[in-house]
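Participant: For the first sequence, position 780 matches number 1793 in this note's numbering, and the numbering has no gaps at all.
All residues carry an ideal CB built from backbone N, CA and C; glycine is no exception.
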Amino acid sequence: MSIAKTYTPADVEAKWYQRWQEQGFFKAKANPRKQPYSVVIPPPNVTGVLHMGHMLNNTIQDVLVRRARMQGKEACWVPGTDHASIATEAKVVALLKEKGIDKKDLTREEFLKHAWEWKEKYGGIILEQLKKLGASCDWDRTRFTMEPELTEAVLRVFVDLHQKGLIYRGIRMVNWDPQGGTAVSDEEVIAKDTMAKMYHLRYEVVGQAGQFLTVATSRPETIMADVAVALNPNDPRYTHLHGAKVRIPLLGREIPVILDEYVSIDFGTGALKVTPAHDLNDYELGLKHNLPVIDILNNDGSLNEKAELYVGQDRFAARRNIVKDLEAAGLLDKVEEYASVLQTSERTGAVIEPRLSLQWFLKMEHLAKPALEVVENDEIKLHPPKFKNMYRAWMENVHDWCISRQLWWGQRIPAYYLPDGSFVVALNEEEALKLAREKSGNANLQATDLRQDEDVLDTWFSSWLWPISVFDGFKDPDNADVNYFYPTNDLVTAPEILFFWVARMIMAGLEFRKQVPFRNVYLTGIVRDAQGRKMSKSLGNSPDPLDLIATYGADGVRTGMLFSSPAGNDLLYDVKLVEQGRNFTNKLWNAFRLTQGWEVDATLPFVNAKAVEWFSAKLHVAQLELDEHFEKFRMSDALMTVYKLVWDDFCSFYLEMVKPAYQAPIDPETLRHTTSFLETLLKLMHPFMPFITEEIWHELAERGPKDYVCVAAWPKPAPVTGGADLLARMDKALEIVAGVRNIRNQKGLGPNKPLTLATKTDDAALLHDYDGVIRKLAALTEISVVEAAPAASVSFVTGGSEFFVPLEGQIDLVAEKARLEKELEYAIGFRDSVLKKLSNEKFVQNAKPDVLERERQKLADAEAKIATLQQSLNNL
RNA sequence: GGGAGAUUAGCUCAGCUGGUUCAGAGCAUCUGCCUUACAAGCAGAGGGUCACUGGUUCGAACCCAGUAUCUCCCA
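#1: May I have the straight-line CA-CA distance separating D1784 from A1771, to the nearest angstrom?
#2: By the DSSP assignment, the alpha helix (DSSP H) with R1425 in it spans what residues?
#3: Could you tell me the distance, in whole angstroms, from the CA atom of M1014 to the CA atom of P1819?
#4: Hey, would you say A1792 sits closer than 7 Å to N1765, going by beta carbons?
#5: Write down the C-beta distance between V1228 and A1284 rounded to the nearest angstrom, noting that I regard them as a contact closer than 8 Å.
#6: Quick one: grab the DSSP three-state call for S1482.
#7: Return helix, strand or coil for T1501, following the three-state DSSP convention.
#8: In the DSSP output, what is S1808 paired with across the bridge?
#9: Do you know how far the Cα of V1753 is from the Cα of S1885?
#10: I need the DSSP call for Y1783, collapsed to helix, strand or coil.
#11: Using only alpha-carbon positions, find the residue among I1539, T1608, E1708 and Q1036 that is nearest to A1677.
#12: Between Q1048 and A1204, is the Cβ-Cβ spacing less than 7 Å?
#13: Can you check DSSP and say which residues form a bridge with E1350?
#14: Using DSSP's beta-bridge definition, name the partner residues of G1183.
#15: Can you give me the Cβ contacts of M1159 inside the same chain, cut-off strictly under 6 Å, excluding the 5 residues immediately before and after it?
#16: If you follow the alpha helix (DSSP H) that A1384 is part of, which residue opens it and which one closes it?
#17: Between the alpha carbons of P1767 and T1794, how many angstroms are there, rounded?
#18: Return the chain-ordered ranges of every alpha helix (DSSP H) run that is complete within the segment 1305 to 1341 and spans a minimum of 4 residues.
#19: How close, in whole Å, do the beta carbons of P1022 and G1566 come, if the pair is a contact with beta carbons under 8 Å?
#20: Return the first residue and the last residue of the alpha helix (DSSP H) that P1057 is part of.
#21: Identify the continuous beta strand (DSSP E) that holds R1260 and give its terminal residues.
#22: Measuring CA to CA, which of V1387, V1411, V1847 and Q1084 is closest to K1527?
#23: For E1795, which three-state DSSP category applies?
#24: For Q1074, count neighbouring Cβ atoms within 10 angstroms of its own Cβ and tell me buried if that reaches 16, exposed if not.
#25: How far does the beta strand (DSSP E) with K1547 in it extend, from its first residue to its last?
#26: Counting beta carbon pairs with one atom in the segment 1620 to 1637 and one in the segment 1033 to 1042, are three or more of them shorter than 8 Å?
#27: Taking just the CA atoms, how far does Q1544 sit from Y1296?
#28: Taking 6 Å as the cut-off, does the CB of I1271 come closer than this to any heavy atom belonging to the ligand GDP?
#29: Per DSSP, which one or two residues make a beta bridge with V1659?
#30: List the residues that DSSP assigns as beta-bridge partners of R1541.
#31: Is it right to say L1826 is buried, meaning 16 or more other beta carbons lie within 10 angstroms of its own, or is it exposed?
#32: Answer yes or no: do W1602 and Y1030 have a C-beta to C-beta separation smaller than 7 Å?
#33: In three-state DSSP terms, what is V1219?
#34: Does the separation of the CB atoms of W1129 and V1105 fall below 7 Å?
#35: For a quick check, are the C-beta atoms of I1099 and L1371 less than 7 Å apart?
#36: Would DSSP call D1466 helix, strand or coil?
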């Protein structure tokens, strides 16, 4: 036999991927005669490389897309990347630093030149990696969120929303990332539980030397920004200080004591220092009491000259130093540990600094309301639906979106400032100038008089337009593509970005196209290691996806990932999973090898009708089940259905039933059916295992130039007459087979030792019809119907029939008796429980007729079994 | 602190409208087999008080209440 004994994916994967591309199978265009099916990829970070999360996510998308393509839909999977402003800028800055270049020494244009160079060099890597996985994207449609067309879309949207009054500029407390040197949105802040220290500081009461008010704070370095100390008016401990002034420790500046019920009496000392520039709550308090704002921090988190002390020091260094100095001055009362929450930046990990700054915001209320509604009314379905609760909670408490970032890598905010400080918002400089002239009434205003905002937009402000912008829906809102492919069908993404991205795409879709961007959102879990830890570079617990593909084959890896990943559940990755996937490909390969080895003898009669009928019926049931799993987005279950159909039903049973003796020929009819079954199985498996199925497809027959399983028609379930009966009868026959095999195992007989079977049966027809199947699978030479048990035989009971395997000299009467008694005992217990149910009048009155009928049948079966078992015992 | 979800075999999970497809699947485990498609395999077997305590019901893994533990989201 010339076909390799084990399947070697490396030999075929690249070949088929190339062929598919040459054939243009992945290309999609608006085609009114076909039903559209579109998916947009969650654009990976342009600087990224493929990780396990991408593997899972893109495998699922590819399964959906490939199946849709086979179903005859115009399947369009749009790939692309996003520019990931903070992450990319940080990488470029780091790279430049290695070369001895400081970002500060570069102009914006110079920096962007470096960034683009870097993007050109590394930006496509991840997409190339996806091809190795088999992703059937329409690569001609590859988009990048910062390319000119998409940038224009972003700017248009900004201008539009500004005109609608939804974008505004204001001083707000933002989350400042001192390391990234930029504001980040609420959603990019991660709260971490930590133990922090609470410092009790002594503020001297003005005019009462030696009298102190003790204030507890976790941030002693901010006292220089204090503008008041607040007390609860109802706190009896402090009534004597109402109206007093206190002196800031070390600094000596006098600040008022204010009263506000906001202060909680039992937290800390009940006295709260008020630092409006560096705490959101303090800021609110300051507004209410009309207090000044003193900002003592620089962008990088160091103290500025307004602090007067520790100027130039980093906030954490300043904290250490001021604690030392306070202690030395006797102004530190005590330090205690307490559990607190540290806000950190998702991007850089730096501790977030609440900071007042002038930023651009997008009002959310108007956008959030309809976006909530379409999820509530299932116009967009989340899978699994438990995420609906989370989605609702967020949408009902949504805050305005801080969309400006103090970076260079990204779309620059299209706001232009006039010399007088006012601004206009316009798509480009010319229009801005026009507007500025109108606004100022100064017709002589020149472009050089305008200054464009320095900041760029949040990357999500590009990504939220993705399902529209990839089809050029902003540039040309009525183009054929967008009209045909939008709304897209399914979105596959991670729950972590449900709000960042999914919710905002829904908002954008409704706002700009009055239509939802997709119908289904499939939320994958996080890929973790076997111990449940998140995969991370620092832990080194993440395998390299490309190594995995090289070792186990893309098909093996794809199925391995899917075996254990129900929607929304984390995937505990274990190499055993991809091994299982690889083994599955090998199993299929060998089934194919077997059929390839058969010689046909055209004169042979068709002897396998029972097997063929049965497998046809099995196939029908499995297809219905498979389609149902797909409709419900139960991908693991869908795969498992195919897995069992192929491995158990096709290989372990069907092929064993029809397989001729070694080197014996097969009849043409059986071969025809078998090949046809195999082709159907290849189609059903193709979305999961595209490469091996394509390889076998072409090995199985000479194929025409366009005849690929990749574009074969998805099989329609074909009902089989009397299918349910066929399945039930085969099940009975296989039970008999299992009974014989069990005896072989118990008695240590080899799988091939010829045996005979005798039976006292109530279903002689079954034995007659399935004689061939049973004899073959159980390796029996003869099955005979008898009146009485043969001497010296081992027996078993299935259904109401008793079977005997004569075994001269190998019968252990005692053990045999014990076994039968145990079975009998169980059967009696079972019968009694049914009897009890049936003798309960209320049950008989209340239970539905079919339930009652089933119970009666149960009773009859049990009675029959008991009778047979007793007979067997008597015979011993 | 507020909210949501979960708890079923050693592991990962199914289990629909309460009732024979109700205690399941895959993996793992154990036993025996290198039986000419496959040892990346074949055959067989064992394994669970459905977290706990009550309640509703003729009947509960499923419905209700409480308890415990875990996870996630928000503050």
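Facilitator: Working from what's here:
#1: As a position in the first sequence, residue 1784 is number 771, starting the count at 1. As a position in the first sequence, residue 1771 is number 758, starting the count at 1. Those two C-alpha atoms are separated by around 12 Å.
#2: Against the first sequence, residue 1425 aligns to sequence position 412. Taken as a continuous stretch (DSSP letters only), R1425 belongs to no alpha helix (DSSP H), as it is neither H nor E.
#3: On the first sequence, residue 1014 is found 1 positions in, with the first residue counted as 1. On the first sequence, residue 1819 is found 806 positions in, with the first residue counted as 1. In this prediction, M1014 scores a pLDDT of 45, lower than 50, which makes its location untrustworthy; the coordinate-derived value is nonetheless stated afterwards. Between M1014 and P1819, the alpha-carbon positions lie close to 39 Å from each other.
#4: Stepping through the first sequence from its first residue, residue 1792 is reached at position 779. Stepping through the first sequence from its first residue, residue 1765 is reached at position 752. Yes, they are a contact pair.
#5: Here residue 1228 is taken as the residue at index 215 of the first sequence, counted from 1. Here residue 1284 is taken as the residue at index 271 of the first sequence, counted from 1. V1228 to A1284, Cβ: 5 Å. Contact.
#6: Stepping through the first sequence from its first residue, residue 1482 is reached at position 469. S1482 falls in the helix class under three-state DSSP.
#7: One-based indexing of the first sequence puts residue 1501 at position 488. Here T1501 carries a coil assignment [DSSP, helix/strand/coil].
#8: Here residue 1808 refers to the residue found at position 795 when the first sequence is read from its first residue. In the DSSP output, where bridge partners are listed per residue, S1808 has F1817.
#9: Start at 1 with the first residue of the first sequence, and residue 1885 comes out as number 872. Start at 1 with the first residue of the first sequence, and residue 1753 comes out as number 740. Straight-line spacing of the CA atoms in S1885 and V1753 works out to 17 Å.
#10: As a first step, residue 1783 must be located in the first sequence, where it is residue number 770. Note: Y1783 maps to coil in three-state DSSP.
#11: On the first sequence, residue 1677 is found 664 positions in, with the first residue counted as 1. Distance from the Cα of A1677 is smallest, within the candidate group I1539, T1608, E1708 and Q1036, for T1608.
#12: Position 35 of the first sequence, counted from the start, is the residue given in the question as residue 1048. Position 191 of the first sequence, counted from the start, is the residue given in the question as residue 1204. Not in contact: Q1048 and A1204 (Cβ atoms no closer than 7 Å).
#13: Start at 1 with the first residue of the first sequence, and residue 1350 comes out as number 337. In DSSP, E1350 forms a bridge with K1210.
#14: For the purposes of this step, residue 1183 is taken as the residue at position 170 of the first sequence. Here G1183 is bridged, per DSSP, to Q1372.
#15: Here residue 1159 refers to the residue found at position 146 of the first sequence. Cβ neighbours of M1159 beyond the five flanking positions: H1096.
#16: Reading the first sequence from its first residue, position 371 is the one you call residue 1384. First-last of the alpha helix (DSSP H) with A1384: E1378 to E1389.
#17: Numbered from 1 along the first sequence, position 754 holds the residue referred to as residue 1767. Numbered from 1 along the first sequence, position 781 holds the residue referred to as residue 1794. The straight-line gap from Cα to Cα measures roughly 6 Å.
#18: DSSP runs (the alpha helix (DSSP H)) wholly in the segment 1305 to 1341: 1328 to 1341.
#19: What you label residue 1022 is simply residue 9 of the first sequence in a count that begins at 1. What you label residue 1566 is simply residue 553 of the first sequence in a count that begins at 1. So it is a contact: roughly 3 Å between Cβ atoms.
#20: Mapped onto the first sequence, residue 1057 falls at position 44. The continuous stretches of alpha helix (DSSP H) do not include P1057, and DSSP gives it neither H nor E.
#21: Residue numbering aside, residue 1260 sits at position 247 when the first sequence is read from its first letter. Unbroken beta strand (DSSP E) run through R1260: K1258 to R1260.
#22: In the first sequence, residue 1527 corresponds to position 514, counting from 1. K1527 has its Cα closest to that of V1387, out of V1387, V1411, V1847 and Q1084.
#23: Numbered from its first residue, the first sequence carries residue 1795 at position 782. The answer is strand: DSSP assigns E1795 an E or B state.
#24: Here residue 1074 corresponds to residue number 61 of the first sequence, with the count starting at 1. Looking at its Cβ environment, which holds 16 or more other Cβ atoms inside 10 Å, Q1074 is buried.
#25: For the purposes of this step, residue 1547 is taken as the residue at position 534 of the first sequence. Per DSSP, K1547 belongs to no beta strand (DSSP E) and is neither H nor E.
#26: Segments in contact, no.
#27: What you label residue 1296 is simply residue 283 of the first sequence in a count that begins at 1. What you label residue 1544 is simply residue 531 of the first sequence in a count that begins at 1. In this structure, the straight-line span from the alpha carbon of Y1296 to that of Q1544 is close to 44 Å.
#28: The ligand GDP is absent from the structure shown, which contains no ligand whatsoever.
#29: Here the question's residue 1659 lines up with position 646 in the first sequence. V1659 pairs with nothing; no bridge assigned.
#30: One-based indexing of the first sequence puts residue 1541 at position 528. Answer is K1547 and L1585, bridged to R1541.
#31: Stepping through the first sequence from its first residue, residue 1826 is reached at position 813. Taking all protein chains shown into account, L1826 has fewer than 16 neighbouring C-beta atoms within 10 Å of its C-beta and is therefore exposed.
#32: Here residue 1602 corresponds to residue number 589 of the first sequence, with the count starting at 1. Here residue 1030 corresponds to residue number 17 of the first sequence, with the count starting at 1. In this structure, Y1030 does not lie closer than 7 Å to W1602 by Cβ.
#33: Taking the first residue of the first sequence as position 1, residue 1219 is located at position 206. Reduced to three states, the DSSP call for V1219 is coil.
#34: The residue given as residue 1129 occupies position 116 in the first sequence. The residue given as residue 1105 occupies position 92 in the first sequence. Between W1129 and V1105, the CB-CB gap reaches or exceeds 7 Å.
#35: Indexing the first sequence from 1 puts residue 1099 at position 86. Indexing the first sequence from 1 puts residue 1371 at position 358. It is not a contact, given that the beta carbons lie outside the stated cut-off.
#36: Residue mapping note: residue 1466 aligns to position 453 of the first sequence, counting from 1. If DSSP states are grouped into helix, strand and coil, D1466 belongs with coil.
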